[in-house]
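What follows is a short report on a single structure.
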Amino acid sequence: LENIVGTVVGPSLIFYIMSVGGTNDDYGLTIAAFCIGMTSMMFTFGKWVDRNGNKYQAPLRCSFILGIVGAIIYFVASILPIGFWGVNTILVGRVFTGMGAAGKTLIKSWIASAVPLEDQVTT
Numbered sequence: 001l002e003n004i005v006g007t008v009v010g011p012s013l014i015f016y017i018m019s020v021g022g023t024n025d026d027y028g029l030t031i032a033a034f035c036i037g038m039t040s041m042m043f044t045f046g047k048w049v050d051r052n053g054n055k056y057q058a059p060l061r062c063s064f065i066l067g068i069v070g071a072i073i074y075f076v077a078s079i080l081p082i083g084f085w086g087v088n089t090i091l092v093g094r095v096f097t098g099m100g101a102a103g104k105t106l107i108k109s110w111i112a113s114a115v116p117l118e119d120q121v122t123t
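In terms of our numbering, the sequence shown opens at residue 1 and continues consecutively.
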C-alpha cells in the first residue's frame, strides 16, 4: 500500500486537491495527514497485539476496514461542493487511509513472530 501511495497517489494528489478548490498548503496538509494517521495507529495496533497475546487477525481486519473507509471518504470528496468541504474531506480520507496503512507493521511483526528464533537471520 505504501508503494501505491508514494508512486500513484502522491504525485496525482496535487491535481485532486486543486480540482476541489484547494491550495498548495492544502496539498502539504493532506500529505502530512496520511503520515499522522499512520504513525498514530502504529502504536495503537502494537499495544492491541501485545495485550491480546500476539493475535494479529482483529487488528489486521481493523486496519483493512480503516483503509477502505479512507478510500470511500477520499472518493466522496469529488462529489462534494468545491472549497472547504471537498478539501477537508480529502484531508479526513487521508487520515483514515494512513490509519489503515499502519497495518503494514502488523504484517511484518506477524511474519517475524512466525519464524522460529533459530531460523531468524540478523544483519
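Using N, Cα and C, we set each Cβ at its ideal position, and we do this for glycine too. Keep in mind it's a predicted model, so treat the numbers as computed, not measured.
Review point. In terms of residues, what are the limits of the alpha helix (DSSP H) holding Ile-72?
Key: The sequence position of residue 72 within the sequence shown is 72, counting from 1. First-last of the alpha helix (DSSP H) with Ile-72: 57–76.
Review point. Quick one: any contact between the stretch 79–88 and the stretch 96–109, if contact means 3 or more CB pairs under 8 Å?
Key: No: the two stretches stay apart, fewer than three of their Cβ pairs being nearer than 8 Å.
Review point. Ala-33: which of Phe-84, Leu-80, Gly-93 and Gln-120 sits nearest, CA to CA?
Key: Position 33 of the sequence shown, counting from 1, holds the residue named residue 33. When only C-alpha atoms are compared, the closest one is Gly-93.
Practice item. Mind reading off the beta-carbon distance from Leu-60 to Leu-13? Whole number of angstroms is fine, and I expect it under 8 Å. Key: Taking the first residue of the sequence shown as position 1, residue 60 is located at position 60. Taking the first residue of the sequence shown as position 1, residue 13 is located at position 13. Their Cβ separation, rounded to whole angstroms, is 26 Å, which puts Leu-60 and Leu-13 out of contact at 8 Å.
Check your understanding: Using CA coordinates, which residue listed in Ile-82, Phe-45 and Leu-66 is at the minimum distance from Lys-108?
Key -> In the sequence shown, residue 108 corresponds to position 108, counting from 1. Distance from the Cα of Lys-108 is smallest, within the candidate group Ile-82, Phe-45 and Leu-66, for Phe-45.
Check your understanding: Mind checking whether Val-20 and Ile-73 have CB atoms under 8 Å apart?
Key -> Here residue 20 is taken as the residue at index 20 of the sequence shown, counted from 1. Here residue 73 is taken as the residue at index 73 of the sequence shown, counted from 1. No, they are not a contact pair.
Point to revise | Uninterrupted alpha helix (DSSP H) stretches inside the stretch 10–47 (no shorter than 4 residues) | key: 10–19, all fully within the stretch 10–47.
Review point. How long is the line joining the alpha carbons of Ser-78 and Tyr-27, rounded to whole angstroms?
Key: Counted from its first residue, the sequence shown places residue 78 at position 78. Counted from its first residue, the sequence shown places residue 27 at position 27. Rounded to whole angstroms, the separation of the alpha carbons of Tyr-27 and Ser-78 is 15 Å.
Practice item. Mark Val-95 as exposed unless 16 or more other C-beta atoms lie within 10 angstroms of its C-beta, in which case mark it buried. Key: Taking the first residue of the sequence shown as position 1, residue 95 is located at position 95. By the neighbour-count rule (16 or more Cβ atoms within 10 Å), Val-95 is buried.
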